[in-house]
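The structure appears below as structure tokens.
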Amino acid sequence: MINILGLCYEEMSDLFYRIGEKTYHATQLVRWIHYAGIIKFEKMTNLSNTLRKKLIQIAYIFVPKLYYEYKSKDGTRKFIIETNSGSFIEMVLIPDKYKNRITLCISSQSGCSIKCSFCSTGKQGLDGNLSSAEIIGQFWIAKHIINSKITNVVMMGMGEPLMNFRPLISSINIMLYKNAYCISKRRITISTSGVVPMIDLLGKYLDINLAISLHASNDAIRNTLVPINRKYNIQSLIDAGNRYLRKCSARMITIEYILIRGINDQNKHANELAKLLKKIKCKINLIQFNKIKNSRYESPVYKEVLRFQSLLYKHGYNATLRVIRGLDINAACGQLVGNIKYRTDRKNMYNINNN
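Counting with full-length UniProt numbering, you get residues 1 to 355 for the letters of the sequence shown.
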């Protein structure tokens, strides 16, 4: 039995071919599941009774459970999702009424093996990869249970997306597919800590926005903040970013840079960063460090953040400051934890069985 929630159109077509059915049924099934939100075969009325009975014998549709919701005073919403294995992950819904945009921040793993020193997810280690059904299931929940009209997707939740490659590709292909969610490729961003071989592979499968979690202006600092740098250093990461740009239609890479007081926020770091990034077409997204449990790090005061930004402006860079969202519910950058067993009343869990 296979959970077909996570099958993209091509994979669904292959399934029908293997069971001796016409492949055009793939479009019908993907549309029922993802566009209409129907997860019971008996409700898929344009499929014959014979085909529905056949599907029941070989496949099922299982959506992860929406366990609990936290609401921030700024409108951000964090959702606790229970996976098939009983682990908990988090996804975040970020509305922006000024830009008429609703961004969904999706997790790709339960925990994370990268162990960035400023990130709560990394501190808990890796519990496991999410299946494509568990990744796209977050979008399914956002659309069909929460009833949100998602305009943008960022793969910036728990985990390193490129370390869970195949499920990631299938999930994004579903997001892009016109009979599923029909999200523009310009509105989907994958953020990576710098898994260089997988950046190269990504360019062969997808043409979407890429963000690199750089966070340092030299290898010495990045080795401490992002330990994977000891394997793939900054120069190899910039080279991979340039190769991705040559393969894809994206105009530039987004460089993410978290500012930590006394570590990477000084004038010399801004100047060093500016020199370093002349080698790649990019825009810079500055992020203030968000406090996490048992961390010695602190965020610089706001005027120091503005000073760092202004230095990058002087070097000719488009350097934006990420607005902090969901801080009061631990939903901001670096704060997602997930695999803690939430001791909340299960009566708060949403019921999806009627769909």
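By construction, the Cβ of each residue, glycine as well, lies at the ideal position given by its N, Cα and C atoms.
Note to self: My assumption, with CB atoms under 8 angstroms, is that Arg325 sits in contact with Thr45. Please give the rounded CB distance.
What the structure shows: Position 325 of the sequence shown, counting from 1, holds the residue named residue 325. Position 45 of the sequence shown, counting from 1, holds the residue named residue 45. In fact, because the Cβ distance is near 41 angstroms, the residues do not count as touching under 8 angstroms.
Item checked: Where Phe289 falls: helix, strand or coil (DSSP) -> The residue labelled residue 289 in the question sits at position 289 within the sequence shown. Looking at Phe289 - three-state DSSP - the assignment turns out to be coil, as it is neither helix nor strand.
Item checked: Nearest neighbour of Lys247, chosen from Phe289, Asn129 and Leu210 [CA to CA] -> The count along the sequence shown starts at 1 and reaches residue 247 at position 247. For Lys247, the nearest C-alpha among the options comes from Leu210.
Margin query: Suppose only complete runs of 4+ residues qualify. What are the alpha helix (DSSP H) ranges in the segment 200 to 231, listed by chain order?
Written below: 219 to 225
Next item on the list: Sort out for me which residues DSSP pairs Ala331 with in a bridge.
Entry: One-based indexing of the sequence shown puts residue 331 at position 331. Ala331 is not bridged to any residue.
Next item on the list: Kindly indicate which three-state DSSP category Asn152 falls into: helix, strand or coil?
Entry: The residue you call residue 152 lines up with position 152 of the sequence shown. DSSP places Asn152 in strand when its eight states are reduced to three.
Notebook entry, point to check: Taking the C-alpha atoms as reference points, what is the distance between Pro227 and Lys281?
Noted result: By one-based count along the sequence shown, residue 227 stands at place 227. By one-based count along the sequence shown, residue 281 stands at place 281. Each residue's alpha carbon lies about 25 angstroms from the other.
Next item on the list: Give the single residue among Gln266, Met156 and Ile150 whose Cα lies nearest to the Cα of Gly111.
Entry: Your numbering for residue 111 matches position 111 in the sequence shown. If we check each option's Cα against that of Gly111, Met156 comes out closest.
Check: For Met198, is the classification buried or exposed, using 16 other Cβ atoms within 10 angstroms of its Cβ as the cut-off for buried?
Finding: Taking the first residue of the sequence shown as 1, we reach residue 198 at position 198. By the neighbour-count rule (16 or more Cβ atoms within 10 Å), Met198 is buried.
Notebook entry, point to check: Since Gly128 sits in a beta bridge, which residues does DSSP pair it with?
Noted result: By 1-based counting over the sequence shown, the position of residue 128 is 128. DSSP output for Gly128 lists Ser110 as bridge partner(s).
Checklist line | Simplified DSSP assignment, three categories, for Arg101 | finding: In the sequence shown, residue 101 corresponds to position 101, counting from 1. Of the three classes helix, strand and coil, the one that applies to Arg101 here is strand, per DSSP.
Margin query: In whole angstroms, give me the CA-to-CA distance for Asn285 and Glu256.
Written below: Numbered from 1 along the sequence shown, position 285 holds the residue referred to as residue 285. Numbered from 1 along the sequence shown, position 256 holds the residue referred to as residue 256. If I take the Cα positions, the gap works out to 5 angstroms.
Notebook entry, point to check: Relative to the alpha-carbon of Ile329, which residue among Ser48, Lys73 and Lys283 has its alpha-carbon at the smallest distance?
Noted result: Sequence index remark: in the sequence shown, residue 329 carries index 329 (1-based). Considering only alpha carbons, the answer is Lys73.
Item checked: Beta-carbon proximity list for Ala133, same chain, < 6 angstroms, skipping 5 on both sides -> As a position in the sequence shown, residue 133 is number 133, starting the count at 1. Same-chain partners within the cutoff: Asn3, Leu5 and Gly6.
Note to self: Bridge partners for Ser191 per DSSP, in chain order?
What the structure shows: Walking along the sequence shown from the start, residue 191 turns up at place 191. In the DSSP output, where bridge partners are listed per residue, Ser191 has Ala211.
Check: Nearest-angstrom Cα distance between Ser191 and Tyr317?
Finding: Residue mapping note: residue 191 aligns to position 191 of the sequence shown, counting from 1. Residue mapping note: residue 317 aligns to position 317 of the sequence shown, counting from 1. Those two C-alpha atoms are separated by around 20 angstroms.
Check: What is the DSSP secondary structure of Lys53, reduced to helix, strand or coil?
Finding: Here the question's residue 53 lines up with position 53 in the sequence shown. It is helical.
Next item on the list: Can you check DSSP and say which residues form a bridge with His91?
Entry: The count along the sequence shown starts at 1 and reaches residue 91 at position 91. Per the sequence presented here, residue 91 reads as Met, with His not at that position. DSSP lists Phe79 as partners of Met91.
Next item on the list: Jot down the residue ranges of each uninterrupted beta strand (DSSP E) in the segment 238 to 271, minimum 3 residues, whole runs only, in chain order.
Entry: 253 to 259
Notebook entry, point to check: What are the boundary residues of the beta strand (DSSP E) that includes Ala319?
Noted result: Locating residue 319 in the sequence shown gives position 319, where the first residue counts as 1. Residues Ala319 to Leu321.
Notebook entry, point to check: For Val323, which option in Lys40, Phe289, Asn264 and Ile61 has the closest C-alpha, if you only look at C-alpha atoms?
Noted result: Numbered from 1 along the sequence shown, position 323 holds the residue referred to as residue 323. Selected option, being the one with the closest Cα: Phe289.
Margin query: By DSSP's criteria, Tyr70 is part of a beta bridge. Which residues make up the other side?
Written below: By 1-based counting over the sequence shown, the position of residue 70 is 70. Tyr70 is bridged to Lys78.
Checklist line | Residues bridged to Asp96 (per DSSP) | finding: For this step, residue 96 is matched to residue 96 along the sequence shown. Per DSSP, Arg101.
Note to self: Taking its Cβ as the centre, do 16 or more other Cβ atoms sit within 10 Å of Glu298, making it buried, or is it exposed?
What the structure shows: Residue 298 sits at position 298 when you count from the first residue of the sequence shown. Exposed, because fewer than 16 other Cβ atoms sit within 10 Å of the Cβ of Glu298.
Note to self: Give me, in chain order, the residues of the same chain whose beta-carbon lies closer than 6 angstroms to that of Thr189; leave out the 5 immediate sequence neighbours on both sides.
What the structure shows: By one-based count along the sequence shown, residue 189 stands at place 189. Excluding residues within five positions, the ones whose Cβ falls inside 6 angstroms are Val154, Asn209 and Ala211.
Next item on the list: Quick one: residues in its chain with C-beta nearer than 8 angstroms to the C-beta of Gly125, no 5 flanking neighbours on either side, listed in chain order?
Entry: Your numbering for residue 125 matches position 125 in the sequence shown. Excluding positions up to five away in sequence, the list reads Gly111, Cys112, Ser113 and Lys115.
Check: Does the segment 62 to 69 come close enough to the segment 83 to 91 that 3 or more CB-CB pairs lie under 8 angstroms?
Finding: yes
Item checked: Three-state class that DSSP yields for Ile280 in the structure shown -> Taking the sequence shown and counting its residues from 1, one reaches residue 280 at position 280. Ile280: coil per DSSP, three-state reduction.
Notebook entry, point to check: Could you check where the alpha helix (DSSP H) with Tyr297 kicks off and where it finishes?
Noted result: By one-based count along the sequence shown, residue 297 stands at place 297. No alpha helix (DSSP H) contains Tyr297, which DSSP labels as neither H nor E.
Notebook entry, point to check: Does the beta-carbon distance from Ile136 to Ile102 come in below 9 angstroms?
Noted result: Counted from its first residue, the sequence shown places residue 136 at position 136. Counted from its first residue, the sequence shown places residue 102 at position 102. Cβ atoms of Ile136 and Ile102: not closer than 9 angstroms.
Next item on the list: Would you check if the segment 260 to 268 and the segment 300 to 309 touch, i.e. whether three or more CB-CB distances between them fall below 8 angstroms?
Entry: yes
Item checked: Tyr35 in three-state terms, based on DSSP -> The count along the sequence shown starts at 1 and reaches residue 35 at position 35. Correct three-state label for Tyr35: helix.
Notebook entry, point to check: How big is the Cα-Cα spacing for residue 402 and Tyr313?
Noted result: Absent from the model: residue 402. The displayed extent of the chain is 1 to 355, so no value can be given.
Margin query: Any heavy atom of the ligand PLP inside 8 angstroms of the beta-carbon of Thr254?
Written below: Of ligands this structure carries none, so the ligand PLP is not represented either.
Note to self: Could you pull the DSSP bridge partners for Tyr60 from this structure?
What the structure shows: Start at 1 with the first residue of the sequence shown, and residue 60 comes out as number 60. Asn3, per the DSSP bridge assignment.
Next item on the list: Measure the Cβ-Cβ separation of Cys8 and Ile141 and say whether it is below 9 angstroms.
Entry: The residue given as residue 8 occupies position 8 in the sequence shown. The residue given as residue 141 occupies position 141 in the sequence shown. Result no, Cβ atoms of Cys8 and Ile141 do not sit closer than 9 angstroms.
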